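So for the sequence shown, the UniProt record's numbering puts the first residue at 1; every next one is plus one.
Report on the structure given below.
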Amino acid sequence: MSGRRSVFRPCIDLHGGQVKQIVGGTLSDNPDELKTNFVSQKPPVEFARLYRDRQLEGGHVIKLGPGNDEAAKEVLAAWPGGLQIGGGVTDKNAAAWIDAGASKVIVTSYLFPDFKFSLQRLQSISSAVGKDRLVVDGDKWFVAMNKWQDLTEMEVCQESLDLLSHYCSEFLVHAADVEGLCQGIDEALVTKLGEWCRIPTTYAGGAKDISDLDLVNRLSNGGVDLTYGSSLDIFGGSLVKFDELIKLSGSA
Numbered sequence: 001m002s003g004r005r006s007v008f009r010p011c012i013d014l015h016g017g018q019v020k021q022i023v024g025g026t027l028s029d030n031p032d033e034l035k036t037n038f039v040s041q042k043p044p045v046e047f048a049r050l051y052r053d054r055q056l057e058g059g060h061v062i063k064l065g066p067g068n069d070e071a072a073k074e075v076l077a078a079w080p081g082g083l084q085i086g087g088g089v090t091d092k093n094a095a096a097w098i099d100a101g102a103s104k105v106i107v108t109s110y111l112f113p114d115f116k117f118s119l120q121r122l123q124s125i126s127s128a129v130g131k132d133r134l135v136v137d138g139d140k141w142f143v144a145m146n147k148w149q150d151l152t153e154m155e156v157c158q159e160s161l162d163l164l165s166h167y168c169s170e171f172l173v174h175a176a177d178v179e180g181l182c183q184g185i186d187e188a189l190v191t192k193l194g195e196w197c198r199i200p201t202t203y204a205g206g207a208k209d210i211s212d213l214d215l216v217n218r219l220s221n222g223g224v225d226l227t228y229g230s231s232l233d234i235f236g237g238s239l240v241k242f243d244e245l246i247k248l249s250g251s252a
C-alpha cells in the first residue's frame, strides 16, 4: 500500500429509517440504552447525493437494525455503484443488494453463527457476489457482531486478516468502544491495521480533528482510510468541516 495516502471515506448510518450518529457501545435491542449524538432531519437520500456530487467513493451505508431497507434502497438508487451496504447481509440477500445499486456488500454477523467463525459461510457469500464485491466488517481486536454488542472468538490479527482476504476485497474496522465519542482514534489499532492489512481498509471510530486524517496516514503508511462521524458538521458536529476535509483528502 506504500505510495498512496489515506483518504476520507464517507458513511451513512441508518437507524429507524433516519440518518443518525450513535455511540457505538450503546446500540442494542433496548431503546432505553441507546445514546444518540445526532438525528438528521434530512432524508437519507440527501447524504447520498452529497457524496455523489463530490465524487466521494468507497463510502459505507450501515443498516442498524430493522426498518431501514426502504431508506437504504433509496440511498443506493441515488448513486448506483457509489456506496457499499451493510447490516443484515447474508448469502441469500447479498446479490439483491448489489442489484439495488451497492458497489459492495459488507458482512459481519452472518459469518459468526453462535459467535463462532464459519469459513463455510464466508465462502458461500463470497461465491454469491464475488470476492471483489465483498467487504468484511470487524471491531478492534475481536470481531464484533449484532450491532457491535457481541464479541466473537475471532481475534483481529495478521493470521485472521490474511484468511479473510482470500474471500473479500476490503476490510471495514469499527472501533466500537470509541465510536461516537469524538475522543480520538485508536492509534495502536490503526498502526496494526497498517502493518497487517494487504487489501484496502477503512477505520471508523473516534475521529475528532481534521488532522486525524494525516495521523492515520502516518500511522498506517497510507494503508488505512478514515471515516468521520459525530465530529463532522454534516452530522451536527462542530469539530470538523466537511468541505475542508474533502479538500485535505484530495477528493474535492
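The beta-carbon is built from N, C-alpha and C at its ideal position, and this holds for glycine as well.
None of these values were measured; they are calculated from a predicted model.
Straight-line Cα distance separating Ala72 from Leu151 = As a position in the sequence shown, residue 151 is number 151, starting the count at 1. As a position in the sequence shown, residue 72 is number 72, starting the count at 1. Only weak support exists for where Leu151 lies, its pLDDT of 43 falling under 50; the value from the coordinates is given anyway. Each residue's Cα considered, the two are about 26 Å apart.
message = Using CA atoms only, rank isn't needed, just tell me which of Ile246, Ala204 and Asn221 is closest to Leu210.
response = Counted from its first residue, the sequence shown places residue 210 at position 210. Reading the sequence as shown, one finds Ile at residue 210 and not Leu. If we check each option's Cα against that of Ile210, Ile246 comes out closest.
task = Check whether the Cβ atoms of residue 339 and Arg49 lie closer than 9 Å to each other.
result = Not covered by the structure: residue 339. The range shown for the chain is 1 to 252.
inquiry  = Is the beta carbon of Thr227 closer than 9 Å to that of Phe38?
reply    = Along the sequence shown, one-based indexing puts residue 38 at 38. Along the sequence shown, one-based indexing puts residue 227 at 227. Not in contact: Phe38 and Thr227 (Cβ atoms no closer than 9 Å).
ask   = Closest by CA to Ala102, which one among Leu161, Pro80, Pro44 and Asn93?
value = Walking along the sequence shown from the start, residue 102 turns up at place 102. Ala102 has its Cα closest to that of Pro80, out of Leu161, Pro80, Pro44 and Asn93.
task = Could you say which of Lys116, Val224 and Phe235 lies nearest to Lys208 if we only look at CA atoms?
result = In the sequence shown, residue 208 corresponds to position 208, counting from 1. Considering only alpha carbons, the answer is Phe235.
task = Just grab the DSSP bridge partners of Leu167 for me.
result = Taking the first residue of the sequence shown as 1, we reach residue 167 at position 167. Sequence inspection shows Tyr at residue 167; the Leu mentioned does not correspond to that position. According to DSSP, Tyr167 bridges with nothing at all.
Simplified DSSP state of Ile185, which is helix, strand or coil = Taking the sequence shown and counting its residues from 1, one reaches residue 185 at position 185. Coil, per DSSP.
ask   = Can you tell which of Phe242, Gly222, Gly65 and Ser160 has the C-alpha that lies nearest to the C-alpha of Ser230?
value = Position 230 of the sequence shown, counted from the start, is the residue given in the question as residue 230. For Ser230, the closest alpha carbon among the candidates Phe242, Gly222, Gly65 and Ser160 is that of Phe242.
task = Measure how close the beta-carbons of Leu134 and Ile125 come, nearest whole angstrom, since I'm counting them as under 8 Å.
result = Along the sequence shown, one-based indexing puts residue 134 at 134. Along the sequence shown, one-based indexing puts residue 125 at 125. At roughly 6 Å, the Cβ-Cβ gap stays under 8 Å, so Leu134 and Ile125 are in contact.
query = At which residue ranges does the region 184-249 contain complete beta strand (DSSP E) runs of 3 or more residues, listed in the order of the chain?
reply = 201-204 and 224-227
query = With DSSP run on the structure shown, which of helix, strand or coil describes Phe112?
reply = Stepping through the sequence shown from its first residue, residue 112 is reached at position 112. In the structure shown, Phe112 sits in coil (DSSP, three-state: anything other than H, G, I, E or B).
inquiry  = Given this structure, state the Cα-to-Cα distance separating Pro10 from Lys116, to the nearest angstrom.
reply    = Taking the first residue of the sequence shown as position 1, residue 10 is located at position 10. Taking the first residue of the sequence shown as position 1, residue 116 is located at position 116. Cα-Cα distance, rounded: 30 Å.
key: Residue closest to Val19, alpha-carbon to alpha-carbon, out of Gly3, Leu56, Arg4 and Val61   = Counting from 1 along the sequence shown, the entry for residue 19 is found at position 19. It is Val61 whose Cα lies nearest to the Cα of Val19.
key: Supposed close pair Cys197, Val224 - CB separation, criterion 8 Å   = Here residue 197 refers to the residue found at position 197 when the sequence shown is read from its first residue. Here residue 224 refers to the residue found at position 224 when the sequence shown is read from its first residue. Indeed they touch by this definition, with Cβ atoms about 7 Å apart.
ask   = Between residue 279 and Tyr167, what straight-line distance do the alpha-carbon atoms span, to the nearest angstrom?
value = It is not possible to answer for residue 279, since the shown part of the chain is limited to 1 through 252.
task = Whole angstroms is fine: what's the gap from Leu248's alpha carbon to Ser6's?
result = Position 248 of the sequence shown holds residue 248. Position 6 of the sequence shown holds residue 6. The alpha-carbon atoms of Leu248 and Ser6 are separated by roughly 10 Å.
ask   = Is Gly65 closer than 9 Å to Gly87 when the C-beta atoms are compared?
value = As a position in the sequence shown, residue 87 is number 87, starting the count at 1. As a position in the sequence shown, residue 65 is number 65, starting the count at 1. Against a cut-off of 9 Å, the Cβ pair of Gly65 and Gly87 comes out as a contact.
message = When you compare the CB of Val224 with every CB in chain D, is at least one pair closer than 9 Å?
response = Going by chain labels, chain D is absent from the structure shown, which holds only one protein chain.
Cut-off 7 Å between Cβ atoms - residues of its own chain near Val45, not counting five sequence neighbours on either side = Counting from one through the sequence shown, the residue named residue 45 turns up at place 45. The residues are Glu74, Val75 and Ala78.
task = Since I believe Asn68 is in contact with Leu14 (beta carbons under 8 Å), could you give me their beta-carbon distance rounded to a whole number of angstroms?
result = Your numbering for residue 14 matches position 14 in the sequence shown. Your numbering for residue 68 matches position 68 in the sequence shown. Rounded, the Cβ-Cβ distance is 4 Å, consistent with contact.
ask   = Taking the alpha-carbon positions, what's the Ile185 to Thr36 distance?
value = Counted from its first residue, the sequence shown places residue 185 at position 185. Counted from its first residue, the sequence shown places residue 36 at position 36. Taking the CA atoms as reference points, Ile185 sits about 19 Å from Thr36.
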